[in-house]
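Single-structure report; data block below.
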Amino acid sequence: MKITRTKLNGIVNPIGYEFNKLIASWNVEDTDSKILKAGKLEVAKDKAFTDIIFNKESEYLDQTGEKIDITLSPRTRYYWRVTVTGDKGDSAVSDIQYFETGKMDEDWSGKWIAADGDYHPIFSKKIDLEKKVTAARLYVSCLGVFEAYIDDKKIGNEILTPYINDYETGMQIITFDVTDDLRSGCTLSIQVAKGWYMSNFGLDNGVNFGDRMEAIAELHVTYEDGTSEVIGTDSSWDVAESDVKESGIYYGEDLNRSAGIVEKGKAIEVPATRKLLDRYSIPVIVKEVIPAKEIIHTPAGETVIDFGQNHAGVMEFDADFPKGTVITIDCGEVLQKGNFYRDNYRSARSRFVYTSDGRKETVHPRFTFFGYRYIRIQGWPEDNELTLDKVRSNVLYSDMERTGYIETSNPKINRLYENCIWGQKSNFLDMPTDCPQRNERLGWTGDAQVFSQTASYNMDTRAFYNKYLKDLYYDAKRHDGAVASFLPSNAGLNQAATASIWGDVGTFVPNVLYNTFGSLDDVREHYDLMKGWVDYMHRYDIEHGDKGLFILPFQFGDWLGLDGITEQSVKGGTDDGYLGSVYYYRSTVITARMAERLGFEADRKEYDDLADKIRRAILKEYFSQTGRLACDTQAAYIVALSFDIYVDRDKLIDQFIARLNKDCYQIKCGFVGAPLLCTTLAKCGRMDLAYHFLLSENFPSWLYCVNLGATTIWERWNSLLEDGSISGTGMNSLNHYSYGTIVQFMYEYIGGITPHEAGFKVADICPQPSMRFRHFNTCMTTASGRYVSNWKIAEDGTLTLNIEVPFNAKANVTLPRFSKEKLSVSGFDASIINDDGKVTLDAGTYEISYMPCHDYRCIYSENTRLSELAGDKEVLDLLKKDLPQAYGAIEKKDKEMGNLTLGTLPTLFYMGFKPEVVNKVNDKIFALKRW
C-alpha cells in the first residue's frame, strides 16, 4: 500500500498561499484492501511531529478532502501526514507534506518602488549577511509581471508572476524559499515588465490597468543564533534600465542585448495603490518542450519553423551571432498557400525581436506568451546554419495534474481527443481564456462555463478554478452580484458586462467542483458568488415586471450558431430571452441544491420556490399547453432536455429529432447547444445519433477540422474552408477549447464513467459501445482514485470489459446488452450480476466478457438512415436489386431522401415502396454483421 497525490487545497506543498480553508486530500494505491478500516490525519509545527497541533482519527477519514481546523500564524510552515490502514491489515504512512503561510495581515516594512522614468526597470540591492542563515523567504509583488534573481540566477521556475489579478482589489504576493541561494555579498534584483497590468490589453483596442511599473518586496532572513532580519524595498535600492525595451501580452517582447543594462541611480518610493494579497494562483511553468519538427522555405521566400502542434508558449533558440544581429520572430497558426500567415491575430503584434551583443546564449521571451504552431524567423545569419536542434518551443500553462485519458481504435477520434487536451493546455494559463494568440486572450466566462466539466475530467482543476472563481467574486461584488462576461474586466456595465450562460459560470463551475472533487468546503467559499448571481437575475426580473424570466437588452445567445441570419453570423437563431430564462432556472436550481447541502434551509426554500416560479413562467411563455416548444432550434431543445424543462418529455424528444431531421442531421447550434448536443442525445436514449454527430466528417462536424489537419479545437466549425483557406480574420481562432466539450460525452457515455456521489466516492460505470470502435479505453484519476473503463469487441462479437475501482470506493456497473452467453468473469463472483447487467463492485481490478444479447456487429437498425449505407457494397447491391428508389437516393446523395430511415420506408407507399418488399430487404440488412 502507498499513499499518493497528497495535496493541500489541491496543491502540492503550497508556500505563501491564502489559506481561508485547509483541505487535505490524497489517494491510496497498490493495495489488496478494499476499504478503509482506520485513518489518521496529523498536522505539526515541526517535521519530527513532536508538536502536533491537529489530529483526527477515524474509519471514515475522507481522502477526497478532510478539513483541517487550526489557527494559522503568518510566515509559518506546518507539516502534515496521513496514515491509512485497510481491511486486509496493510497500512501506509504518506511522505511528510507541508504548507506555509504567507504574510497574511502583517504590515509591510518594504515600500512600493518605481523608476523615475519611462523604461522597463530592474531594482536591485546588495545583500550583506554577517551570520549563518538557517531560513530565508522572499515575498514579492509588482504592478506588471516580474522575475527575481539572486546574482544572475533566476529564483524559482514560475513565469509571468504575479499573474492575472483583479486589479481593483489587489495584487498577489509570490513567496520564494531562497535559503539555499542566499549568500553574503550577493545581489537581489527584481526585473519588471508590463504584463497584463500595463500593456495594451482587452477589448476595444485594449486598455491599461495602470501606467507605471512598480515593485515591492521583503526578504526575511533567520540566522542560526535565532535572530532575524527583514530587508525591504525602499529608496536605497538601485534601479537600472533593462535590455527589455518593450513588452506586452499582445505586443510580444523586444530584447536588445546590445543596449546593455543602464544604471539609473536610486529607485523612488511611491504611494501604495493596491492591496497586497497572499497568492491564490497556482504556478505557470514550462510544462513541456516541443522540438522543431520541420524547417520550411515558403514560396514567398520565408523561413518558417513548424512545431507540428498549435499551442501556447514561447519559442527558444540558441543564439551565437555577431554583435548587432537582429532576429525577428513572428507567430502563426496556419500556412496559406504554403506561406506564413498571421492575419487572424488581428492587431496582436505577437513578435519577439532579439538584438545580439555577440554573446552565446539560449534565448526566449520572459514577459509574454504566444499562441502558435508556426514561427517565421527573419535575420538569421546565413553563415550560421539554422538547424532543427537550435530551435524549440516551451509550452506554458498552469501546473495542473493530468487526470483523464482516452485511447481508441479510431485514429481520428484519438486526434480529436488530443486536440481537446491541447486546447485546454493552450488556454489554461492562470485563467481559462478563449484563445492564446490574437488581441483577446480574455477569461471569457461562457467558454469557461461550457468546458468546465470536460476540463475537470482532463486535469485536476480544483485549485485553478478556485482562483478563477475568486476573481469573479471580487468583480461581481462591485456590480451587485452580476458576473462578468470576461476577466480581467474594466467594462463596468458596458461591453456586455454580464449575460446569461456567460454569467452562469458563477453557479455552474462551483457545482462542477463539488461533483468532481467532493468538497463542500470548496463550494462554501464560493456560495456568495452563486447566491449573488441568482439574486442579481431575480432583482432584474422584478424590476422588469416580475415575470419569472431573465431577458436582458443584450445576450450572446447561442454564439456562433449556424442557424442565424447567415452561417457566418455571430449569433444563432435561438431566442435570447428563452435561453436566458432557461439558464436563470438552472442556476437557481443549482444554488438551491447547494444551499441544501450547506445547511442553509431558508435559502434552500427561497431558491426552490424561485426555481418553481421560473419553470412555470418558461412553460407558459415558450411551451404550448400540450407540451410543444415554440422555439424550434437545436439549441432550444437541447437546453430544455438537458435541464429537464418540459411538459411532455417524449413529445419534446420527438420535436428535437424532427428538428434534426429538418437540418439533415447536421450541427446548426453554437456555443450553447453544441457542447450539450451529444450528452443530451445520449440522455434521451439516442446514442445512435450521438455517435453520428461524433463521427461525422463533413462540415460542420468535429472531425471536419481533424481532416483538415487541426491540432487544437477551432472557434468556428469552418475556421478553415475545405480547400484549407481561412474563412475570415475578424474572429477566427484555431485554438478555442469550447467545442472540445465533446470529450465529456466520450468520458461519460462511451467510456461510461460518471460520479454517482460527489468526488467519485461512488461512480457509475455504464459504457455504451458501438462497432464504430473496436476498442475504447477510458481512465480517470479522480479525487477518490483511479477508475478505468475499457471495452473491446472481438471478431466473433464477444464484448470484453476491463474495469478498475479505487481503494475505498465503489462502482455501480451496468454491463451493456448483458447476457450470460459465453460469460467469463475475473475478480468477483459472476452470480452477483443481476439479469439486467447491473452489479456493484468494490475496489479492485475486474474483467468481464460475454456475447451481448444483441450483436454489436449488427450495425443496422430501423433508425439507420439511407445516407449511412453509402459505402457498404453488399447493402448497395441489395438495394439496387430490390429497392432501386433507395439506391438511387444514396447514389445521388439526395439530402432529403438520405435522411429517410429504414424503419420509415414501409410507410412511404407514395414513393413506390411496398411494405412486404421493404420488410424483407430490411430483415436481410439487419442481419448483416460488420467487423
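FYI, in our numbering the residues of the sequence shown are 548 to 1478. Virtual Cβ for every residue (Gly too), placed ideally from N, Cα, C.
Give the range of the beta strand (DSSP E) segment to which His858 is assigned. Counting along the chain, the beta strand (DSSP E) containing His858 begins and ends at 850-867.
Would you say the stretch 1103-1120 touches the stretch 1016-1027, given that touching needs at least three Cβ pairs under 8 angstroms? Because the criterion of three Cβ pairs below 8 angstroms is not met, the stretch 1103-1120 and the stretch 1016-1027 do not touch.
For Thr780 and Asp1093, what's the separation of their Cα atoms in angstroms? Using only the alpha carbons, I get a separation of about 56 angstroms.
Using the beta-carbon count (16 or more within 10 Å), is Leu1040 buried or exposed? Legend: pLDDT at Leu1040 = 47, less than 50; position of this residue unreliable, no value from coordinates given.
Under 7 angstroms Cβ to Cβ from Asn803, same chain only, skipping five residues before and after it: list those, please. Cβ-Cβ distances below 7 angstroms link Asn803 to Asp790, Lys792, Thr902 in the same chain, with the five nearest sequence neighbours on each side left out; the list follows chain order.
For Arg1163 and Ser945, what's the separation of their Cα atoms in angstroms? Their Cα atoms are separated by approximately 43 angstroms.
Can you check DSSP and say which residues form a bridge with Gly703? None; Gly703 has no bridge partner.
Given this structure, state the Cα-to-Cα distance separating Asn961 from Asp977, to the nearest angstrom. Spanning the two alpha carbons is a distance of roughly 27 angstroms.
Is Leu735 helix, strand or coil when you go by DSSP? Residue state, collapsed to three classes: strand.
Here's the rule: buried if 16 or more other CB atoms are within 10 angstroms of the residue's CB, otherwise exposed. What is Tyr1457? Around the CB of Tyr1457, fewer than 16 other CB atoms lie within 10 Å, so the residue is classed as exposed.
According to DSSP, Phe917 sits in a beta bridge with which residue or residues? The partner list for Phe917 (beta bridge, DSSP) reads Gly860.
Given Thr1387 as reference, the closest of Leu1430, Glu1295, Cys1313 once Cα atoms are compared: With distances taken between Cα atoms, Thr1387 lies closest to Cys1313.
For Ala682: DSSP bridge partner residues: DSSP lists Thr769 as partners of Ala682.
Give the secondary structure of Pro1302 by DSSP, where H, G and I count as helix, E and B as strand, and everything else as coil. Note: Pro1302 maps to strand in three-state DSSP.
Nearest CA to the CA of Gln1000: which residue from Ala1046, Cys982, Val1059, Val1030? Comparing Cα-Cα distances from Gln1000 to each of Ala1046, Cys982, Val1059, Val1030, the minimum goes to Val1059.
Please confirm whether Asn1469 and Gly1450 have their CB atoms less than 9 angstroms apart. The Cβ-Cβ distance between Asn1469 and Gly1450 falls below 9 angstroms.
Measure the alpha-carbon distance for Asp1383 versus His1401 and round it to whole angstroms. Going by the C-alpha atoms only, they are around 13 angstroms apart.
Is the stretch 1347-1355 touching the stretch 1392-1399, taking contact as three or more C-beta pairs under 8 angstroms? Taking 8 angstroms as the limit for Cβ pairs, the verdict is that the stretch 1392-1399 does touch the stretch 1347-1355.
Could you name the residues that DSSP lists as bridge partners for Ser1396? In the DSSP output, where bridge partners are listed per residue, Ser1396 has Thr1347, Ser1371.
Closer than 9 angstroms to chain C by CB, Arg1025: Reference to chain C is not applicable here, since this structure consists of a single protein chain.
First and last residue of the uninterrupted alpha helix (DSSP H) at Asp994: Segment 992-1005, the alpha helix (DSSP H) holding Asp994.
To the nearest whole angstrom, what separates the beta carbons of Thr1454 and Arg1412, a pair I think is in contact under 8 angstroms? The C-beta distance from Thr1454 to Arg1412 rounds to 15 angstroms, too long to meet the 8 angstroms contact threshold.
Hey, Tyr714 and Asn1037: beta-carbon distance below 9 angstroms or not? It is a contact, given that the beta carbons lie within the stated cut-off.
Tell me the DSSP secondary structure of Ser1189 in three-state form. Residue state for Ser1189 is assigned as helix, using DSSP reduced to three classes.
Alpha-carbon spacing of His667 relative to Asn704, whole angstroms: Approximately 21 angstroms, taken between the alpha carbons.
Within a Cβ cutoff of 8 angstroms, which residues of the same chain sit near Leu1188, ignoring the five residues on either side of it in sequence? The beta carbon of Leu1188 sits closer than 8 angstroms to the beta carbons of Arg1196, Leu1199, Ile1200, Phe1203, Thr1227, Lys1230, Cys1231 from its chain, once the five residues preceding and following it are set aside; these are given in chain order.
Leu1040 - DSSP class collapsed to helix/strand/coil: Reliability fails at Leu1040, whose pLDDT of 47 lies under 50, so the model's placement of it is uncertain and the value that follows must be treated cautiously. Assignment of Leu1040 by DSSP, reduced to helix, strand and coil, places it in the coil class.
Are at least three pairs of beta-carbons, each pair with one atom in the stretch 952-969 and one in the stretch 830-849, less than 8 angstroms apart? No contact exists between the stretch 952-969 and the stretch 830-849.
Can you have a look at Val836 and say buried or exposed, based on whether 16 or more other CB atoms are within 10 angstroms of its CB? Sixteen is the threshold: since fewer than 16 other Cβ atoms of the shown chains lie within 10 Å of the Cβ of Val836, the residue is exposed.
Please report how far the alpha carbon of Ile711 lies from the alpha carbon of Pro1035, in whole angstroms. Straight-line Cα distance between these residues: approximately 7 angstroms.
Put Glu1148 into one of helix, strand or coil per three-state DSSP. DSSP places Glu1148 within a helical segment (H, G or I) once states are collapsed to three.
What residue ranges within the stretch 1249-1284 form continuous alpha helix (DSSP H) runs of no fewer than 4 residues, ordered along the chain? Runs of the alpha helix (DSSP H) inside the stretch 1249-1284: 1249-1254.
Reducing DSSP to helix, strand and coil, say where Tyr952 ends up. In the three-state DSSP reduction, Tyr952 falls in the strand class (E or B).
Which listed residue (Ala1237, Ala1433, Lys1440) has its alpha carbon closest to that of Lys1461: Out of Ala1237, Ala1433, Lys1440, Ala1433 has the C-alpha closest to the C-alpha of Lys1461.
For Phe1240 and Cys1225, believed in contact at Cβ under 8 angstroms, the rounded distance: With 8 angstroms as the limit, Cys1225 and Phe1240 qualify as a contact, their Cβ atoms being about 6 angstroms apart.
CB contact flag (Ile924, Thr850, <9 angstroms): Their beta carbons are under 9 angstroms apart, which means Ile924 touches Thr850 by this criterion.
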